[in-house]
Amino acid sequence: MAAPPPLPACSSLVRICVLLGALWAIRAQQIRYSVPEELEKGSAVGNIAKDLGLEPRELPERGVRLVSRGRTQLFALNPRSGSLVTVGRIDREELCDRSPRCVLNLEVLLEDKANIFGVEVEIIDVNDNAPTFGIEKREIKVVENETPGTRFPLPEAFDPDVGINSLQGYQLSPNGHFSLDVQSGADGIKYPELVLERALDREEEAVHQLILTASDGGHPVRSSTARIQVKLVDTNDNAPVFSQPEYHVSVRENVPVGTHLLTVKATDTDEGGNGEVTYSFRKVRDKISQLFQLNSLTGDITILGDLDYEDSGFYDIDVEAHDGPGLRARSKVLVTVLDVNDNAPEITVTSLTSSVQENSTPGTVIALFNVHDGDSGENGLVTCSVGDNLPFTLEKTYGNYHRLLTHRSLDREEVSEYNITLTATDQGMPPLSTEICILLQATDLNDNPPTFTYASYSAYIPENNPRGASFFSVTAQDPDSGENAHITYSLAEDTIQEAPLSSFISINSDTGVLYALRSFDYEQFRDLQLWVTASDSGVPPLSSNVSLSLYVLDQNDNAPEILYPALPTDGSTGVELAPRSAEPGYLVTKVVAVDRDSGQNAWLSYRLLKASEPGLFAVGLHTGEVRTARALLDRDALKQSLVVAVQDHGQPPLSATVTLTVAVADSIPDVLADLDSLEPSTSPDDSGLTLYLVVAVAAVSCVFLAFVIVLLALRMRRWHKSRLLQAAGGGLAGVGASHFVGVDGVRAFLQTYSHEVSLTADSRKSHVIFPQPNYADTLISHESCGKSEPLLVSQDLLETKGDPKLLQPPVF
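Start counting the sequence shown at 0; every next residue gets the next number (numbering that gives the first Met the number 0).
1. Spatial neighbours of SER501 within its chain, please: CB distance less than 6 Å, with the 5 preceding and 5 following residues excluded, ordered by chain position.
2. Hey, GLU462 and VAL551: beta-carbon distance below 8 Å or not?
3. Measure the alpha-carbon distance for THR131 versus LEU166 and round it to whole angstroms.
4. Expressed to the nearest angstrom, what Euclidean distance is found between the alpha-carbon atoms of THR212 and GLY117?
5. DSSP has PHE524 in a bridge; who is on the other side?
6. HIS218 and ASN126: beta carbons closer than 8 Å?
7. Using DSSP with H/G/I as helix, E/B as strand and the rest coil, what is HIS259?
8. Assign GLY376 to one of three DSSP states: helix, strand, or coil.
9. Does the distance from the C-beta atom of VAL657 to that of VAL643 stay below 8 Å?
10. From ASP310, VAL645, VAL263, THR268, pick the residue whose C-alpha is nearest to that of SER295; which is it?
11. Got a sec? Which residues, its chain only, sit under 8 Å from ALA129 by beta carbon, not counting five neighbours each side?
12. Does PRO59 come out as helix, strand or coil in the three-state DSSP assignment?
13. Exposed or buried, which one is GLU814 when buried takes at least 16 other CB atoms within 10 Å?
14. Looking at SER472: is its Cβ nearer than 8 Å to the Cβ of VAL512?
15. Put VAL107 into one of helix, strand or coil per three-state DSSP.
16. Going along the chain, which residues of its own chain have a beta-carbon closer than 8 Å to the beta-carbon of ASP795, five neighbours each way excluded?
17. Just the Cα atoms here: how many angstroms apart are ARG284 and SER330?
18. Among the residues of its own chain, which have a CB less than 6 Å from the CB of THR487, if the five just before and after it don't count?
19. Grouping DSSP H, G and I as helix and E and B as strand, with all else coil, what is SER700?
20. Residue range of the beta strand (DSSP E) that SER178 falls in?
21. Count the other CB atoms, across all protein chains shown, that sit within 10 Å of the CB of PRO772; report buried if there are 16 or more and exposed otherwise.
22. Taking only beta-carbon positions, decide if LEU65 is within less than 8 Å of chain D.
23. Could you check the C-alpha separation between GLY272 and LEU293 for me, to the nearest Å?
24. Given GLU582, which residues of its chain have a CB within under 8 Å of its CB, disregarding the five upstream and five downstream residues?
25. For the beta strand (DSSP E) containing GLU192, list its first residue and its last residue.
26. Tell me the residue span of the beta strand (DSSP E) that contains GLN228.
27. Does the stretch 273 to 281 come close enough to the stretch 361 to 368 that 3 or more CB-CB pairs lie under 8 Å?
28. Buried or exposed: where does LEU529 fall if 16 or more other Cβ atoms within 10 Å of its Cβ makes it buried?
29. In the DSSP assignment, find the unbroken beta strand (DSSP E) run with ALA213 in it and report its ends.
30. According to DSSP, is HIS719 part of a helix, a strand, or is it coil?
31. Going along the chain, which residues of its own chain have a beta-carbon closer than 6 Å to the beta-carbon of ARG525, five neighbours each way excluded?
32. Taking the continuous alpha helix (DSSP H) assigned at GLU135, which residues delimit it?
33. For PHE74, which of ASP520, ALA558, GLU121, ARG100 has the nearest alpha-carbon?
34. Would you report the Cα separation of VAL591 and PRO564, rounded to the nearest angstrom?
35. Report yes or no: do three or more beta-carbon pairs, one from the stretch 373 to 383 and one from the stretch 411 to 430, lie closer than 8 Å?
36. What does a CB cutoff of less than 6 Å around LEU527 pick up in its chain, not counting 5 residues either side in sequence?
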């Protein structure tokens, strides 16, 4: 596979420019101050407010505060002046030891915009420490035959200050035999040496007392002294010599205590006591003596305490070998501590939001946190991550600071609470990680309207219900919370038969239970269409509607109504005619009745309740037809009285009765004669009866003629309307079949029942009446029950049918 072509030179130039821009942006946010050590508490370091471009009074409003890590708080922010001040004594030597430059790093957090600014405070050394020798007296043994020019190491002074304030030189008290020479090593440290200027004579002076003074260059100058006692001994002309001028060793920071580090070796060519070499540390500091141990006889150096790379990664140990008479040799042991991945990353949350609105825009800041790992190299490189499948992301800002942001809009109804796990993992082997959990609440907004369980509802209520009775309830759900989920119910305004809906039905605004405010009548109306509204209490409120169909159930609260024969209003009794020659099954008349109820409550049955001549007549159970059950005999009375009962099938059943009078005769004169013989007239003059009959016949003829004319006019009007309805695509196709229940039965009766004449008679007067055409069945439509003139409605329906038989006049 061929190697990819090299990137163009312009691409490298762009990368360099981007890197320089990033470095300049980082430096632009750095604020630098310098302050001498040992200042009094509350001393001003710098004006933070001015350097941030803020007024002091804006600091609390903007949430400006210091963020420090890993050290005792050394500085504080004065909210009145906007200055950075010290909160205690600052000791440069304690903070930075002998480092040439001592810089403390702080971070200033602006919480309102989650911005971080770096602050560098350089601690300037002051001359607060005098050089110290560590010992008050040093004894030097010098052989008496030592040649002039011989040098003897003197104790070195240590000054923790740096620069001009550190150790600058030594002075030796005046002496005729010795002088002072100061050597500078490769590391810049000055080593004082005692130089023999002229020969010694032990017998003349066995001990020489000298004073060595070490001075720094500060103002004022600080100094310290050490007493040097020179004892003259017999000749020891060879000093110990180390095998190496410097020993280098590397050790891992997690080695156990007691581990052998290395062995230093020095040899002395002298014999006896002059050649016996012992070892010791020079310039022993507390930290060195706590971590390392030197065997004075063998030169073995072992680990005495726990090493910590994060505390110090390098140690410079001065080792000295001296023989019996006191000749000495120096060497160095340079210990390099190797880092191991023994520190897990540290996560410090500096700013945190515990709740966020569910419709917040992506990029909303949830938390600002800092990540630190005390290890170095790969062991100190840290990567941060957030849990999978969460709507959050991480963004690195200044230094090791990261921001936790929303990645998309939140939905409280989907997830109301998030347990966010932040993980920081270093790149050591094996890697170490740290986790912290952040609990975030998604606050609710009114973004969901109430929803009903079903798209529509149907409810049923029996007629004649008690007022105030509950008959149904609706329920809506709102996935929001609190007031946003508090639902109230109401009914849409409407009118029923010109009356407001609220006078018929009410609803409990809290429970959704519907109540009937009045007793319903099935015969008045059979169904209602309602709209129920569910509204929440949010701002602004949201609502939804649902339709409710209320059906009124019929009860058997109407007794059958007799339509024919109708009771006369003049006090007379209607008479039906039956010829003597009638055969069994002859149709005498038909009882027509209707019931305003519906269904089973309107199914009617007929029965003969009472008859003056039992067995002579029979009534059809379902038709109401009165027929002869046998042939008429001469012995049968000319006037028969029948009582017919009509009963529905409701629970409990309701009934009505009608009394029929049947006259048995072959002609009208016979009827009149029979009636006269049966019931003598109160008038002595038969001509009076004849006159009445003639007048009655003439009146009935006139009424019948007017009826025929009106019927023709209505038929023409119906025919004209039917033509218009057919042209408009109407007709009766849109009318429910239930609206015509019983109409065909009435029409059949009107077509089949056709007596020539009917008579009425009582004890005082008699006259002829013409009956309506015969009826057939008694299944009457519900609409005909609600009309005041059912026979006229039936005739109009028959006219719509176009039946010509209705136009035939009766035959006299």
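Even for Gly, the Cβ is constructed at its ideal location relative to N, Cα and C. Just so you know, these numbers come straight off a predicted model, no measurement behind them.
Looking at the atomic coordinates:
1. none
2. GLU462 is a Cβ neighbour of VAL551, given a cutoff of 8 Å.
3. 9 Å
4. Their backbone Cα atoms lie some 45 Å apart in a straight line.
5. BP columns for PHE524 are empty, so no partner.
6. yes
7. strand
8. In this structure, GLY376 counts as helix in the three-state DSSP scheme.
9. Yes, they are a contact pair.
10. If you compare the alpha carbons of ASP310, VAL645, VAL263, THR268 with that of SER295, the shortest gap goes to VAL263.
11. Cβ within range, chain order: ASP158, ASP215, ARG221, SER222, SER223.
12. helix
13. Given that the chain is displayed from residue 0 to residue 811, the structure contains no residue 814 and the question cannot be resolved.
14. yes
15. Note: VAL107 maps to strand in three-state DSSP.
16. Because the pLDDT of ASP795 is 35, which lies under 50, any placement of that residue in the model is unreliable, and the number read from its coordinates should be weighed accordingly. Same-chain partners within the cutoff: LEU713, ARG717.
17. 16 Å
18. Cβ within range, chain order: SER508, SER534.
19. SER700 falls in the helix class under three-state DSSP.
20. Per DSSP, SER178 is one residue of the beta strand (DSSP E) stretching across 177 to 183.
21. Reliability fails at PRO772, whose pLDDT of 36 lies under 50, so the model's placement of it is uncertain and the value that follows must be treated cautiously. The residue in question, PRO772, is buried, as its Cβ has 16 or more Cβ neighbours within 10 Å.
22. Reference to chain D is not applicable here, since this structure consists of a single protein chain.
23. 21 Å
24. THR627, ALA630
25. 189 to 195
26. 222 to 232
27. no
28. buried
29. Start and end: 206 to 215.
30. Helix at HIS719.
31. Excluding five sequence positions before and after ARG525, the CB atoms of its chain that fall closer than 6 Å to its own CB belong to VAL551, given in chain order.
32. Taken as a continuous stretch (DSSP letters only), GLU135 belongs to no alpha helix (DSSP H), as it is neither H nor E.
33. Nearest C-alpha to PHE74: GLU121.
34. Cα to Cα, the separation comes out at about 7 Å.
35. yes
36. LEU549
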